[in-house]
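Beneath this line is the structure, given in structure tokens, with notes to follow.
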Amino acid sequence: MRRRDFLKTAAISGGALLTGGLASAGTLKSAQDVFNEMASVLVDTTRCIGCRSCEEACAEAHGLPVPDIDDESVFERHRKTDPNHWTVVNRYETEKGTVYAKKQCMHCNQPACASACLVKAMYKTPEGPVIWRGNKCMGCRYCMISCPFDIPKFEYDSPNPRIRKCIMCYERLEKGEQPACVEACPEEAIVFGKRGELLEEAKRRIYNNPDKYVHHVYGEHEVGGTGWLYLAAVPFEQLGFPTNVGTRPYPELTKEFLYGVSLVLLIWPAFLLGISHARREEVKKEEVKKAK
Amino acid sequence: MNTAERKNLMSEVGNFVRFIISELKPKGKILTPFNVITGAIILAGGVLIVIRFVKGLGATTNLSQDFPWGIWIGFDVMGGVAIAAGGYVIPFMVYILGLEKYHPIVRPAVLTGFLGYCFYGGALLLDLGRPWHVINPLIGNSFGLSSVLFLIAWHFFLYTICEFVEFSPAITEWLGWKRIRQIVGGLTVGAVIFGITLSTLHQSALGALFLMAPTKVHPLWYTNLPVLFFVSSIFGGLSMVIVESSISHKVFQVDPEHHASFDDIVVGLGKAAAGTLFLYFTLKIISIAHGNHWHLLNTSMGHWYLVELIGFVVIPCLLFTYGVRTRNVKLIQTVAFFTVVGVLLNRLNVSIIAFKWDAANRYVPSWMEIVITLAVICAEMWAFRWVVNRMPVLTEHKGWEEEDNVVQMKKEVA
Ligand code: SF4
Ligand code: SF4
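Order-wise, the sequence lines are chains A and S. Residues in the first sequence are numbered consecutively from 596, following the numbering used here. Residues in the second sequence are numbered consecutively from 9, following the numbering used here.
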């Protein structure tokens with residue numbers, strides 16, 4: 596009997612322990628309002644001239660090797676971000692001619708990376724930026740597996756490797772400044788603000804210039820909404836944006852499974868105990884029969 | 009404590025230490041081909057592991073920003089854990105279903121499971137970029153409760169303890185600790201039940217990890233990952249037990265009574281494997297239908313999928329069935345081997361081959377990754393041999409039973 600009690604308690608506390616945090620993730624009533632208040636950036640790719648000032652500013656702000664922004668050869672291929680380049684501007688040949696698009700972490704409303712991280716090293720700050728905390732990270736790279744935009748990058752050549760990615764200049768925001776890239780952009784192609792307001796601004800631009808833009812704000816609904824929003828003149832797949840990521844927040848992909856876990860933790864032990872008792876009775880009966 | 013007691017204690021401790029030291033020495037011939045080859049691999053692996061920690065993962069692996077997980081995860085952890093599933097399947101059959109016939113293989117199966125988790129789970133440490141933080145999910149104030157990996161970390165930890173408890177009777181018998189033997193023996197059923205529960209969850213959780221990558225894992229493999237991982241761990245574990253026991257029976261000393269029942273056991277395990285393979289096949293078909301992925305079967309990835317499904321699921325299932333009908337032990341053992349390969353292949357497919365299947369730069373493991381993996385396997389075999397040659401794993405512990413029976417009878421009377 597004692598054992599059964601033990602198992603029960605273990606199952607219940609275990610269930611709470613292993614899945615308890617889940618409830619808080621998606622059930623916030625006014626989640627949309629919360630996201631609308633968060634720090635956010637709007638990128639209007641129709642304004643971007645491909646000067647890469649943002650790349651330079653980013654590198655300077657974070658102590659990364661500063662790129663030579665006069666070197667046009669970088670546009671020959673579509674670059675990805677890497678541990679030393681948290682943002683890259685790529686050139687795309689589209690149906691409406693050459694378009695430049697800046698890439699970096701999207702600072703998702705409900706980030707896959709943060710929900711995948713088992714130690715909360717990847718962390719969505721209440722202010723909006725998604726940051727990485729080295730004192731927690733164990734370097735499992737599950738965030739890299741999970742991120743739909745392949746943003747977290749790992750320092751493979753270091754014995755003390757870090758995960759590197761855009762953190763929306765979190766320290767600068769804390770000081771009341773704007774992200775370095777936003778400040779550096781000469782064309783106001785990137786603007787900083789609250790997500791709700793920027794979303795309105797984006798829609799206003801589409802409404803006022805219905806022929807100029809595709810009628811889609813990338814990031815409004817993608818993966819449940821992102822902190823970085825994009826406007827473009829051409830469909831987003833032509834600018835290298837993944838269009839198969841869906842609108843469901845990524846944390847929900849494993850939610851059902853994790854609910855199932857607490858059920859199994861509760862039911863399985865009792866179930867197994869039941870079978871083993873029943874079987875033992877049966878075996879005993881058989882033995883008695885045999886003895887006769 | 010008076011002097012006599014103290015002396016007594018000292019001599020006890022002395023005896024114990026002497027015993028352990030004598031047991032640590034290798035038994036049997038040292039310079040066998042097996043030892044020389046595996047020893048060389050372990051040595052080479054050791055050197056490479058040092059390089060890995062001094063220079064970082066990039067110096068030893070072919071991992072990249074696009075492929076953050078290679079064979080250390082896809083093969084060692086994913087595959088190793090799947091085929092270590094015998095550690096919960098066999099105790100389930102014996103302690104829960106009461107199938108006493110399989111009792112002789114409980115200990116080797118649990119030992120395989122326990123060592124599997126120690127070594128393949130341990131291989132995870134090699135892969136972690138910042139392994140000094142490995143304890144963070146267990147202590148600390150930063151529980152990533154929404155992470156499937158968090159669950160796996162806890163389960164690996166707890167399950168290894170369960171396996172240890174389940175195996176500890178053998179250890180206490182080896183040490184001659186009778187009183188403790190009785191205590192740990194009483195914990196067995198609890199540990200078994202908890203262990204099965206944990207296994208159900210983390211075997212499927214290993215599949216659930218990839219639920220977070222819906223655009224990266226090929227749809228044919230993506231659908232129903234958790235259930236499929238769980239079911240395939242069952243026949244993976246069963247097959248591994250067949251393979252492992254048929255090797256053990258050639259290499260180690262085994263009780264004659266065990267030899268007699270051995271064929272029966274293999275046939276029984278083969279039957280169970282055939283049944284679960286069939287269930288798995290059905291689930292696979294349901295998954296294809298569920299996602300309506302029939303058209304994908306006629307692509308190059310689809311063909312590869314069919315190789316896995318037909319070559320390593322359907323055919324083993326049929327051959328197992330045939331082997332069971334004809335009581336062909338040799339055949340069952342051979343099929344079991346291929347089934348193990350099939351499960352390993354499935355894990356590799358999900359985590360590496362069908363992961364970003366359309367990427368330009370594919371990941372291919374470096375020779376160093378392979379050597380280190382082999383070294384982990386060899387080290388595990390050494391550990392297995394060391395234990396089996398000393399503890400009553402394949403043989404029954406003699407001498408205590410009668411007294412135990414008396415105790416048992418007394419209990420029942422009371
Ligand atoms: S884009 Fe990727 S790294 Fe950035 S917040 Fe979203 S999931 Fe995380
Ligand atoms: S690598 Fe670090 S940040 Fe990424 S999931 Fe693992 S622990 Fe979290």
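Ideal placement from N, C-alpha and C gives every residue a C-beta, glycine not left out. Quick caveat: nothing in here was measured; it's all calculated off a predicted structure.
What is the DSSP secondary structure of residue i, reduced to helix, strand or coil?
i: residue 717 of chain A; result: strand
i: residue 151 of chain S; result: coil
i: residue 414 of chain S; result: At residue 414 of chain S the pLDDT is 49, less than 50, meaning the model places this residue with poor confidence and gives no usable figure here.
i: residue 623 of chain A; result: Here the model assigns residue 623 of chain A a pLDDT of 48, short of 50, so the residue's position is not dependable, and the following value carries that caveat. Looking at residue 623 of chain A - three-state DSSP - the assignment turns out to be coil, as it is neither helix nor strand.
i: residue 702 of chain A; result: coil
i: residue 696 of chain A; result: strand
i: residue 300 of chain S; result: coil
i: residue 647 of chain A; result: coil
i: residue 688 of chain A; result: strand
i: residue 210 of chain S; result: helix
i: residue 225 of chain S; result: strand
i: residue 748 of chain A; result: strand
i: residue 163 of chain S; result: helix
i: residue 618 of chain A; result: Residue placement at residue 618 of chain A is poorly supported in this model, since its pLDDT is 42, which falls under 50; the coordinates are not used for a value here.
i: residue 52 of chain S; result: helix
i: residue 874 of chain A; result: helix
i: residue 613 of chain A; result: In this prediction, residue 613 of chain A has a pLDDT of 41, which is less than 50 and means its spatial position is unreliable; nothing more can be read from the coordinates.
i: residue 143 of chain S; result: coil
i: residue 421 of chain S; result: In this prediction, residue 421 of chain S scores a pLDDT of 49, lower than 50, which makes its location untrustworthy; the coordinate-derived value is nonetheless stated afterwards. Reduced to three states, the DSSP call for residue 421 of chain S is helix.
i: residue 813 of chain A; result: strand
i: residue 854 of chain A; result: helix
i: residue 234 of chain S; result: helix
i: residue 828 of chain A; result: coil
i: residue 838 of chain A; result: coil
i: residue 203 of chain S; result: helix
i: residue 261 of chain S; result: coil
i: residue 808 of chain A; result: coil
i: residue 867 of chain A; result: helix
i: residue 176 of chain S; result: helix
i: residue 28 of chain S; result: helix
i: residue 218 of chain S; result: helix
According to DSSP, residue i sits in a beta bridge with which residue or residues?
i: residue 727 of chain A; result: A/717
i: residue 109 of chain S; result: None; residue 109 of chain S has no bridge partner.
i: residue 636 of chain A; result: A/787 and A/823
i: residue 364 of chain S; result: DSSP lists no partner for residue 364 of chain S.
i: residue 683 of chain A; result: A/698
i: residue 677 of chain A; result: A/680
i: residue 758 of chain A; result: A/749
Considering Cα atoms alone, identify which of the options is closest to residue i.
i: residue 335 of chain S; options: S/144, S/277 and S/222; result: S/277
i: residue 793 of chain A; options: A/630, A/882 and A/625; result: A/630
i: residue 346 of chain S; options: S/316, S/143, S/86 and S/370; result: S/316
i: residue 8 of chain S; options: S/187, S/95 and S/109; result: Here chain S comprises residues numbered 9 to 422, so residue 8 of chain S is not present and cannot be evaluated.
i: residue 213 of chain S; options: A/886, A/667, A/850 and A/801; result: A/850
i: residue 178 of chain S; options: S/119, S/142 and S/150; result: S/119
i: residue 312 of chain S; options: S/111, S/228, S/295 and S/246; result: S/228
i: residue 784 of chain A; options: A/844, A/874, A/696 and A/654; result: A/696
i: residue 650 of chain A; options: A/764, A/754 and A/680; result: A/680
i: residue 403 of chain S; options: S/381, S/261, S/356 and S/321; result: S/261
i: residue 873 of chain A; options: S/46, S/43 and S/103; result: S/103
i: residue 642 of chain A; options: A/843, A/882, A/880 and A/828; result: A/828
i: residue 166 of chain S; options: S/154, S/145, S/79 and S/296; result: S/145
i: residue 209 of chain S; options: A/765, A/860 and A/842; result: A/860
i: residue 79 of chain S; options: S/270, S/135, S/288 and S/306; result: S/135
i: residue 217 of chain S; options: A/665, A/773, A/751 and A/740; result: A/740
i: residue 116 of chain S; options: S/322, S/161, S/172 and S/282; result: S/172
i: residue 677 of chain A; options: A/760, A/835 and A/734; result: A/760
i: residue 707 of chain A; options: A/742, A/690 and A/723; result: A/742
Just to be sure I understand the criterion: a residue counts if its Cβ is closer than 6 Å to at least one heavy atom of ligand 1. Which residues meet that? Taking each Cβ in turn, the ones that pass are A/700, A/701, A/702, A/703, A/706, A/707, A/708, A/725, A/742, A/744, A/746, A/747 and A/760.
Would you mind listing the alpha helix (DSSP H) stretches within the region 285-351 of chain S that are 4+ residues and don't spill past its ends, in chain order? Counting only runs of 4 or more, we get 308-314 and 323-333.
Quick check on the DSSP output: what are the complete alpha helix (DSSP H) runs of length 4 or more inside the region 367-404 of chain S, in order along the chain? With a minimum length of 4 residues, the continuous alpha helix (DSSP H) runs that stay inside the region 367-404 of chain S are 375-396.
Which complete alpha helix (DSSP H) runs does the region 92-138 of chain S hold, if anything under 4 residues is left out? Counting only unbroken stretches of 4 or more residues, the alpha helix (DSSP H) elements lying wholly within the region 92-138 of chain S are 94-99, 114-124 and 130-135, in sequence order.
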